[in-house]
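Written out below as structure tokens is the structure these notes cover.
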DNA sequence: TCCCAGGTAACAT
DNA sequence: ATGTTACATGGG
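In structure tokens form, the structure reads like this:
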């Protein structure tokens, strides 16, 4: 275990890990514990320094938390109006996380029409049943299973993870695991594609629609213009930008990408957290 | 009992 | 091309 002290300006660890983009981090006594790339990592924030205990290299931690993103520049792009500026000020320092594409894909396929608590339990069960055990400081953690480890599972064994739509979703996960594990679907390659081309590829997978595709693109494939539309964002956008009109997701997506521009995804995550927190303050 | 939850695919206009 | 519905389930 190495100890890292990483400079982190315009960064808020709590907002970043609490806003709902990741599902496997837990806060225990002032420290956040997570599993990144087969290693346990614990992090805490001391002012403008991110203190991390991990076997990961410092660069990997910087990349994971997207500490290279120039937040002031991003705020300049997405701070289009009074409301947006207010939300930015409220959650200043919230950063997108650069997740592993495979874990991100599975997580959001399982997320559909489910409360976040449910998603967390499904992801935990997948890790516990199919991932590897890691022991650290007396705690037992699990890696997120590789595609092959899921692909070899039976429908019944997958089923005990408690998917939202039962065997229907277990079948989707199995099918995706076989494609990704068998090198018939290269997630990493999508990073080189344009946003729209990568999205089209992702949506050929059964179980992946606009929302899941946009989440995977935004949270793991560096497509910061992606603007995932879920129930919360839909409600927010209709209320704040369309006078409560029952506008379609296509229209919302069109407006959001045009209005917020190449960092629309950052705007989305701030608004998502804001709306889900009830917009208080 | 009804409504909601980080939706998608199949089906109907 | 756009609108509607089945799917499946624990919690408020």
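Numbering (my numbering), first residue to last: 129 to 409. Even for Gly, the Cβ is constructed at its ideal location relative to N, Cα and C. Every value quoted in this text rests on a predicted model; they were computed, and no experiment measured them.
- The beta carbon of residue 385 sits closer than 8 Å to the beta carbons of 353, 355, 392 from its chain, once the five residues preceding and following it are set aside; these are given in chain order.
- The count of Cβ pairs closer than 8 Å, one atom from the stretch 239–258 and one from the stretch 169–177, stays below three, leaving the stretches out of contact.
- Beta-bridge partners of residue 290 (DSSP): none assigned.
- Taking 3 residues as the shortest admissible run, the stretch 253–335 contains the following complete beta strand (DSSP E) segments, listed from N- to C-terminal end: 261–264, 267–270.
- For residue 362, the enclosing alpha helix (DSSP H) stretches over residues 359–369.
- With a cutoff of 9 Å on beta-carbon distance, residue 189 and residue 164 are scored as near each other.
- For residue 153, no alpha helix (DSSP H) run applies, since DSSP gives it neither H nor E.
- In this structure, DSSP gives residue 396 a helical state, which the three-state scheme calls helix.
- Within the same chain, and ignoring the five residues on either side of residue 404 in sequence, the residues whose Cβ sits closer than 6 Å to its Cβ are 360.
- In terms of Cβ geometry, residue 178 and residue 132 form a close pair [threshold 9 Å].
- Excluding five sequence positions before and after residue 154, the CB atoms of its chain that fall closer than 6 Å to its own CB belong to 161, given in chain order.
- In this structure, residue 278 lies away from residue 315, with their beta-carbon atoms at least 9 Å apart.
- Residue 326 and residue 209 have their C-alpha atoms some 30 Å from each other.
- In this structure, residue 221 and residue 143 form a Cβ contact; the two beta carbons are roughly 6 Å apart against a cut-off of 8 Å.
- When secondary structure is reduced to three states using DSSP, residue 161 falls in the strand class.
- Here residue 317 is exposed: its Cβ has fewer than 16 other Cβ atoms, across all protein chains shown, within 10 Å.
- For the set 228, 186, 340, 145, the Cα lying nearest the Cα of residue 348 is the one of 228.
- Taking the Cα positions, residue 198 is about 46 Å away from residue 284.
- A residue is called buried when at least 16 other Cβ atoms come within 10 angstroms of its Cβ; residue 402 meets this threshold and is buried.
- Residue 264 sits close to residue 168, with the two beta carbons spaced by under 9 Å.
- Rounded to the nearest whole angstrom, the CA to CA distance from residue 324 to residue 342 is 10 Å.
- Between the alpha carbons of residue 243 and residue 292 lies a distance of about 10 Å.
- Across the structure, residue 395 and residue 139 are spaced so that their CA atoms are roughly 16 Å apart.
- The beta-bridge partner set that DSSP reports for residue 131 consists of 181.
- Minimum Cα-Cα distance from residue 345 among the listed residues 226, 282, 259, 312 corresponds to 226.
- DSSP, read as helix, strand or coil, puts residue 250 in helix.
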